[in-house]
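Visitor: Counting in my numbering, the sequence shown runs without a single skipped number right up to 447 at its last residue.
This is the structure I want to talk about, given as structure tokens.
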Amino acid sequence: MSIFLLSSNVDSVGEVSKQNSALHLESRGGYSLSGDIKVSGAKNSALVLMAASLLTEEEMLIKNVPNLTDINGMAEILISLGVQLKRSSSEIYISPQGLHHVELPYDLVHRLRASFFCIGPLLARLGKAKIPLPGGCRIGARPVEEHIKGLKALGAQINISNGLVTAEVPGLNKKLQGTNVILDCPSVGATETILMAATLAEGTTTINNAAQEPEVQDLAKMLNSMGALIEGAGQSTITIKGVKKLYGCNHTVIPDRIEAGTFLIAAAITRSNLRISPVIPEHLKAVLEKLSDCGCSIKFDQDGINLIPGSIKGVDISTEPFPGFPTDLQAPFMALMATAQGKSKIKENVYENRMQHVYELKKMGASIHLEGSTAEIEGVHELKGAAVIGGDLRSSAAMVLASLVAKGMTKVWGINHLDRGYESIEHKLNSVGADIVRKEKSLEVEHFPIVGERAA
Ligand code: EPZ
-8 MSIFLLSSNV
2 DSVGEVSKQN
12 SALHLESRGG
22 YSLSGDIKVS
32 GAKNSALVLM
42 AASLLTEEEM
52 LIKNVPNLTD
62 INGMAEILIS
72 LGVQLKRSSS
82 EIYISPQGLH
92 HVELPYDLVH
102 RLRASFFCIG
112 PLLARLGKAK
122 IPLPGGCRIG
132 ARPVEEHIKG
142 LKALGAQINI
152 SNGLVTAEVP
162 GLNKKLQGTN
172 VILDCPSVGA
182 TETILMAATL
192 AEGTTTINNA
202 AQEPEVQDLA
212 KMLNSMGALI
222 EGAGQSTITI
232 KGVKKLYGCN
242 HTVIPDRIEA
252 GTFLIAAAIT
262 RSNLRISPVI
272 PEHLKAVLEK
282 LSDCGCSIKF
292 DQDGINLIPG
302 SIKGVDISTE
312 PFPGFPTDLQ
322 APFMALMATA
332 QGKSKIKENV
342 YENRMQHVYE
352 LKKMGASIHL
362 EGSTAEIEGV
372 HELKGAAVIG
382 GDLRSSAAMV
392 LASLVAKGMT
402 KVWGINHLDR
412 GYESIEHKLN
422 SVGADIVRKE
432 KSLEVEHFPI
442 VGERAA
């Protein structure tokens, strides 16, 4: 047995301790699945909704919050700012009147990029914020200049030195000023940052070239329940009339469209008939179209989707901002295309480095040619089990999907990423017939593939 050096798997959530890197999933492929899979609340909505709770002094109740490590990270950050927070199963109760701190601790921010969502609410509520720049991650540089540009347009004075963003609202009343913002790119995070900051500004703000993602719409819906005056969320121009104060509210997080899409692909790749619910179909339109184009039939019922796969053939996808095909399902869809009949082409347009799963799929026998961020796939009859690693949240999910149909055993490393974005994925898949076990392994002698390692 060859001895490989263990490397801690640095990810966008930060350095993973060696203990975590021993965590992996062992998955035996070849089972057909059947039954219902329940979809949790959307991670990418819950995180920003938690940050938005800082905009009021009144109590907030956020329901249908998924149980994920990223959510725990955001809870830690809110508590570090002086907020009281309680969790009971999928509900988070937030009492933000104790908010007094404006500086986020480096170690927490380093572990959770989404903590940068706090800058807008802190400026709007307290007129000041000190937040370390969120670093890049495996999928790209993840700059935040559009967030900064928007906050400056609203009147904030912002200084960035040694990786620390210090922002302040000038003037006696410390009020941001409504303005017209044109985003260079329809950034989800920048749209959400400006949206939150503008709710308490003096005057009206317009965001042009705004992101249209369902999570932006969910945020606007909650802010309006808090007393904000937002129109146009979900379109490319959003208008926010500033108000003096926001109030507490109860809000239920939308279902996670990316988790739902991941499980729909699980049905397609195992050629199984599964029902996924709850799902809001218009949140997955582009994905449903591609699943139908490649040979699946999709049936809708009251709040769920039944996927009945036919023989799966290759189809091309190109990732785009919503309502286009979501970048977060690019890697999972590539796992499906690796087992489809014929050729397909997948182009990643949103991030500059979101193709690490290509190397891992090739270790399992996939036939993929990669040029930059374009992959040309020739479907193979059978994948084979291997030791593979997910370099980010969605490539880890792609590995799990591929393991469901690979011959023999697949060991999926890097599952600290999975736990960031999928609530007990192995339990949900095992409940419909998969055979996945979460394992701890001794660290001495184990093959621990280095992310992006070239396939043999
Ligand atoms: C959100 O990230 C999601 N994360 C991401 O999900 C998702 O992939 C992304 O939106 C796109 O849909 C959360 O909501 C917590 P962006 P965000 O700003 O807001 C560039 C997952 O797997 N850009 O829309 O960071 C950026 O580099 C995660 O769940 C700038 O150039 O995404 C990227 O290439 C991954 N300048 C593109 O825009 C900026 O100032 C999209 O980024 C901001 C962004």
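We treat Cβ as the ideally placed atom computed from N, Cα and C, and that holds for glycine.
Because the structure is a prediction, the values reported are computed rather than measured.
Considering only the beta carbon of each residue, do residue 193 and residue 169 sit closer than 8 Å?
Guide: Cβ distance < 8 Å, so residue 193 and residue 169 count as in contact.
Visitor: Quick check: the Cα distance between residue 139 and residue 377, rounded to an integer number of angstroms?
Guide: So the alpha carbons of these two residues sit roughly 44 Å apart.
Visitor: Suppose you measure from the CA of residue 429 to the CA of residue 349; what does that come to, to the nearest Å?
Guide: If you take the alpha carbons of residue 429 and residue 349, they lie about 23 Å apart.
Visitor: Quick check for students: name the residue ranges of the alpha helix (DSSP H) that lie wholly in the segment 49 to 98, counting only runs of 4 or more.
Guide: The qualifying runs are 60 to 71.
Visitor: Going by C-alpha to C-alpha distance, which of 196, 240, 258, 204 sits closest to residue 277?
Guide: For residue 277, the nearest C-alpha among the options comes from 204.
Visitor: Taking residue 183 as part of the beta strand (DSSP E), name the residues at either end of that continuous run.
Guide: That residue, residue 183, is in no beta strand (DSSP E); its alpha helix (DSSP H) goes 179 to 189.
Visitor: I need the DSSP call for residue -6, collapsed to helix, strand or coil.
Guide: Caution applies to residue -6, whose pLDDT of 27 falls short of 50 and renders its modelled position unreliable; the model cannot decide the point.
Visitor: With a cut-off of 8 Å on the beta carbons, I'd call residue 393 and residue 409 a contact; round off their distance for me.
Guide: The Cβ separation is near 14 Å, so there is no contact.
Visitor: Have a look at residue 124 and residue 141 and give me their C-alpha separation to the nearest angstrom.
Guide: Rounded to whole angstroms, residue 124 to residue 141 spans 16 Å at the Cα level.
Visitor: Would you decide whether residue 357 is buried or exposed? Buried here means 16 or more other CB atoms lie within 10 Å of its CB.
Guide: Its Cβ being crowded by 16 or more others within 10 Å, residue 357 is buried.
Visitor: Using 8 Å as the Cβ pair cut-off and three pairs as the minimum, do the segment 73 to 81 and the segment 107 to 125 touch?
Guide: No: the two stretches stay apart, fewer than three of their Cβ pairs being nearer than 8 Å.
Visitor: Straight-line CA distance for residue 328 to residue 352?
Guide: C-alpha separation (whole angstroms): 11 Å.
Visitor: Please find out if some non-hydrogen atom of the ligand EPZ comes closer than 7 Å to the beta-carbon of residue 138.
Guide: Flag set: Cβ of residue 138 near the ligand EPZ.
Visitor: Flag residue 456 as yes when its Cβ comes closer than 7 Å to any non-hydrogen atom of the ligand EPZ, and as no otherwise.
Guide: Only positions -8 to 447 of the chain appear in this structure, which leaves residue 456 out of reach.
Visitor: As an exercise, report each continuous beta strand (DSSP E) stretch of at least 3 residues that is fully enclosed by the segment 257 to 309, in chain order.
Guide: Here the runs fully enclosed are 264 to 268, 287 to 291, 296 to 300.
Visitor: Assess, as a yes-or-no matter, whether the segment 334 to 350 is touched by the segment 303 to 311 under the definition of 3 or more beta carbon pairs within less than 8 Å.
Guide: Because the criterion of three Cβ pairs below 8 Å is met, the segment 303 to 311 and the segment 334 to 350 touch.
Visitor: What does DSSP give as the partner residues of residue 28 in its beta bridges?
Guide: Answer is 267, bridged to residue 28.
Visitor: Could you give the distance in angstroms between the alpha-carbon of residue 47 and the alpha-carbon of residue 322?
Guide: The straight-line gap from Cα to Cα measures roughly 38 Å.
Visitor: Note down, one range per segment and in chain order, each alpha helix (DSSP H) of at least 4 residues found wholly within the segment 358 to 436.
Guide: For the segment 358 to 436, whole alpha helix (DSSP H) runs of length 4 or above, ordered along the chain, are 384 to 394, 406 to 412, 416 to 421.
Visitor: Looking at the structure shown, is residue 347 part of a helix, part of a strand, or coil, going by DSSP?
Guide: If DSSP states are grouped into helix, strand and coil, residue 347 belongs with coil.
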